[in-house]
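Visitor: Protein chains in written order, with my numbering: chain A, 7 to 462; chain C, 38 to 91.
Cβ atoms here follow ideal geometry from the backbone N, Cα and C, with glycine treated the same way.
Encoded structure:
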């Protein structure tokens, strides 16, 4: 433009146009960020798929895999149908508030040129839900009916955890407004809830045939430990999408905040995610010297510091993760001695670790202020919240699985368990050219039970 | 037949049937029915498969 024609009005118009362009690009950046977080989170499911198929005996490998694939397929639509509504409707407890915009017949729940947030946040939350539903999946391999698993995982992934999310993550969530709850990386709302839901299911489901002989736990060795280890590492990769999705990318001058609107940044998350990952591996390795537990330790470490990712000093996060590596192994042994057959240690890795992680924020970061009128973080508030998360997972998990058991719909028949679910239900073999028989007896010592194996 | 806009000028929610909550509700019921139907079909398949291998 010719300088001679510049007027105050024309400059204001140019400024407004640039401001509009900037805001559009900022909104697009928000969408781009959560789009890729969601995509990276799918790696968690690729990881669960490999990890659980590997952890099964070969006669059940495909049944374990089909569970994972179908879990994604049912949680995504059900999260669209009612999960997102639950998050928006139940921050105050069990009485819903008006959240009609989150219902599937709302014009907000679809392509909308004036809304560059709802779809991408829904997608990230739907994948959080799918992750939560998949935590149950590994623990119950080799004996649960696929139909029963899908019913349970829909409840867990599209209803129960997101109710916990409404209470503990929503800006009006009562755990935040009453207790100052702090759980930025979902140690409680995802992992503790899913882990204790799983415990409730395992009590009713029972152990795999041959797991306990005369009350002594036996090793049922994974048919492919390498596949399991690679799967676990893929889950760790996916965690970066998961934890990235937990941080809020704000427009304007605000920058990054936690889901509680307190200031933070990705650097804080980077420090403590990686330090927790490393610490958990070390703790579990020293506690077991077992490859499966060593790699699971990476998960333990991240989950153990996830609730306070924004607050911990990295060295403290590392120490917490090492200690929780030991503690998770101890808890897994504790459960196994009580006859609970958790095939992948999900209750210890997710439930127990998530539960303690929430309390540890109260121990180490108590007194940290929240925004607005919300109370500060406290030991008592975190402890009460952790108990609520555990109960919110355990009670429906136990109740619903008990109901399925009463209708003889929870567990496959013994004959199917003997033959393998792949052959009976899927009519497929994972390795058709292999002649390796599936076997319970193993010469691999059970490092958790610390006893010599016994044949059957 | 389901378009909800006649122009892109000032368009907001532009997806099919966005202006018809009744139709969106029917689609939601249909989607829910598919999920329920999937699980029901798996239950039936499991019962048949387990009976064959008794």
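#1: Applying the criterion that 16 or more other CB atoms from any shown protein chain within 10 Å of the CB defines a buried residue, is residue 462 of chain A buried or exposed?
#2: Taking Cβ positions only, does residue 87 of chain A come closer than 7 Å to chain C?
#3: Rounded to the nearest angstrom, what separates residue 385 of chain A and residue 372 of chain A at their Cα positions?
#4: According to DSSP, is residue 417 of chain A helix, strand or coil?
#5: Compute the distance between the beta-carbons of residue 432 of chain A and residue 68 of chain A, then report whether it is under 7 Å.
#6: Measuring only from the beta carbon, is residue 139 of chain A closer than 6 Å to any heavy atom that is part of the ligand GDP?
#7: Do you know how far the Cα of residue 148 of chain A is from the Cα of residue 434 of chain A?
#8: In terms of alpha-carbon separation, which member of A/47, A/127, A/188 lies closest to residue 317 of chain A?
#9: Could you name the residues of the same chain whose beta carbon sits closer than 8 Å to that of residue 418 of chain A, not counting the 5 residues immediately before and after it, in chain order?
#10: Report yes if the C-beta distance between residue 136 of chain A and residue 81 of chain A is below 7 Å; otherwise report no.
#11: Would you list, in chain order, the members of the stretch 156-170 of chain A that have their beta-carbon closer than 7 Å to a beta-carbon of chain C?
#12: For residue 268 of chain A, which option in A/182, A/310, A/57 has the closest C-alpha, if you only look at C-alpha atoms?
#13: Determine, using beta carbons only, whether residue 85 of chain C comes closer than 7 Å to chain A.
#14: Under 7 Å Cβ-Cβ, which residues of chain C neighbour residue 111 of chain A?
#15: Give the single residue among A/141, A/140, A/107 whose Cα lies nearest to the Cα of residue 125 of chain A.
#16: Is the shortest distance between the beta-carbon of residue 49 of chain C and the beta-carbons of chain A less than 7 Å?
#17: Run the CB neighbour count on residue 31 of chain A, radius 10 Å, all protein chains shown included, and call it buried at 16 or more, exposed below.
#18: Do residue 120 of chain A and residue 44 of chain C have their C-beta atoms within less than 7 Å of each other?
#19: Closer than 9 Å between beta carbons: that is the criterion. Which residues of the stretch 116-128 of chain A meet it against chain C?
#20: Residue 354 of chain A and residue 366 of chain A look like a contact to me (Cβ under 8 Å); what is the Cβ gap, rounded to whole Å?
#21: Is it the case that the Cβ atoms of residue 357 of chain A and residue 172 of chain A are separated by a distance below 7 Å?
#22: Looking at the C-beta of residue 72 of chain C, does it have a partner C-beta in chain A at a distance below 7 Å?
#23: Can you list, in chain order, the residues of its chain with a C-beta nearer than 7 Å to that of residue 51 of chain C? Leave out the 5 residues immediately preceding and following it.
#24: Any beta carbon of chain A sitting closer than 7 Å to that of residue 80 of chain C?
#25: Go through its chain and collect everything with a Cβ distance to residue 330 of chain A's Cβ below 6 Å, but skip five positions before and after it.
#26: Check the C-beta distance from residue 190 of chain A over to residue 265 of chain A and give it rounded, since I have them as a contact under 8 Å.
#27: Between the stretch 73-86 of chain A and chain C, which residues of the former have CB atoms less than 7 Å from a CB of the latter, in chain order?
#28: Only counting runs of 4 or more residues, tell me where the alpha helix (DSSP H) segments fall wholly within the stretch 45-109 of chain A, in order along the chain.
#29: Who are the near neighbours of residue 73 of chain A in its chain, counting only those whose CB is closer than 7 Å to its CB and skipping five residues on each side?
#30: Decide if residue 217 of chain A is buried, meaning its Cβ has at least 16 other Cβ atoms within 10 Å, or exposed.
#31: Residues of chain D with a CB under 9 Å from the CB of residue 33 of chain A: which are they?
#32: To the nearest angstrom, report how far apart residue 407 of chain A and residue 27 of chain A are at their CA atoms.
#33: Comparing C-alpha positions only, which one of A/85, A/86, A/83, A/53 sits nearest to residue 70 of chain A?
#34: Return the chain-ordered ranges of every alpha helix (DSSP H) run that is complete within the stretch 359-403 of chain A and spans a minimum of 4 residues.
#35: Taking Cβ-Cβ distances shorter than 7 Å, what residues in chain C pair up with residue 425 of chain A?
Guide: Answer, in terms of the structure:
#1: Caution is warranted here: a pLDDT of 38 is assigned to residue 462 of chain A, below 50, making its placement in the model unreliable, and the coordinate value is therefore given only provisionally. By the beta-carbon neighbour count (other beta carbons within 10 angstroms, threshold 16), residue 462 of chain A is exposed.
#2: Residue 87 of chain A counts as touching chain C.
#3: Each residue's alpha carbon lies about 6 Å from the other.
#4: Shown here, residue 417 of chain A sits in a strand according to DSSP, grouped into three states.
#5: Yes, they are a contact pair.
#6: As for the ligand GDP, it is missing from this structure, which has no ligand bound.
#7: Cα to Cα, the separation comes out at about 15 Å.
#8: Here the closest residue by C-alpha is A/188.
#9: Cβ neighbours of residue 418 of chain A beyond the five flanking positions: 149, 150, 151, 427, 430, 431.
#10: In this structure, residue 81 of chain A lies closer than 7 Å to residue 136 of chain A by Cβ.
#11: Across the stretch 156-170 of chain A, CB contacts with chain C closer than 7 Å involve 156, 157, in sequence order along the chain.
#12: Comparing Cα positions, the closest option is A/182.
#13: Not one chain A Cβ lies under 7 Å of residue 85 of chain C.
#14: Per Cβ cutoff of 7 Å: 58, 61, 62, 65.
#15: The shortest C-alpha separation from residue 125 of chain A is found at A/107.
#16: For residue 49 of chain C, the answer is yes, since a Cβ of chain A falls inside 7 Å of its Cβ.
#17: Classification of residue 31 of chain A: exposed, given that the 10 Å Cβ count is below 16.
#18: No, Cβ-Cβ distance for residue 120 of chain A and residue 44 of chain C is not below 7 Å.
#19: Hits within the stretch, in order: 116, 117, 118, 119, 120, 121.
#20: Between the beta-carbon of residue 354 of chain A and that of residue 366 of chain A there is about 16 Å, and that puts the pair past the 8 Å contact cut.
#21: Taking 7 Å as the Cβ cut-off, residue 357 of chain A and residue 172 of chain A do not qualify as a contacting pair.
#22: Against chain A, the CB of residue 72 of chain C has a partner CB under 7 Å away; the residue lies at that interface.
#23: In its chain, beyond the 5 residues on either side, 41, 42 have a beta carbon closer than 7 Å to the beta carbon of residue 51 of chain C.
#24: Interface with chain A (7 Å Cβ-Cβ cutoff): residue 80 of chain C is included.
#25: The residues 306, 310, 359, in chain order, have a CB closer than 6 Å to that of residue 330 of chain A in the same chain once the five nearest residues on each side in sequence are set aside.
#26: 6 Å between Cβ atoms; contact.
#27: So the list reads 80, 83, 84, given in the order they occur along the chain.
#28: As for any alpha helix (DSSP H) of minimum length 4 sitting wholly inside the stretch 45-109 of chain A, the runs are 67-84, 90-95, ordered along the chain.
#29: Closer than 7 Å at the Cβ level, and outside the excluded window around residue 73 of chain A, lie 143, 152, 155.
#30: So residue 217 of chain A counts as buried.
#31: Looking at the structure shown, chain D is missing, and the protein chains on hand are A and C.
#32: Between the alpha carbons of residue 407 of chain A and residue 27 of chain A lies a gap of roughly 53 Å.
#33: Out of A/85, A/86, A/83, A/53, A/53 has the C-alpha closest to the C-alpha of residue 70 of chain A.
#34: Every alpha helix (DSSP H) stretch that sits fully inside the stretch 359-403 of chain A and reaches 4 residues is listed by chain position as 359-371.
#35: Contact of residue 425 of chain A with chain C by beta-carbon distance below 7 Å involves 90.
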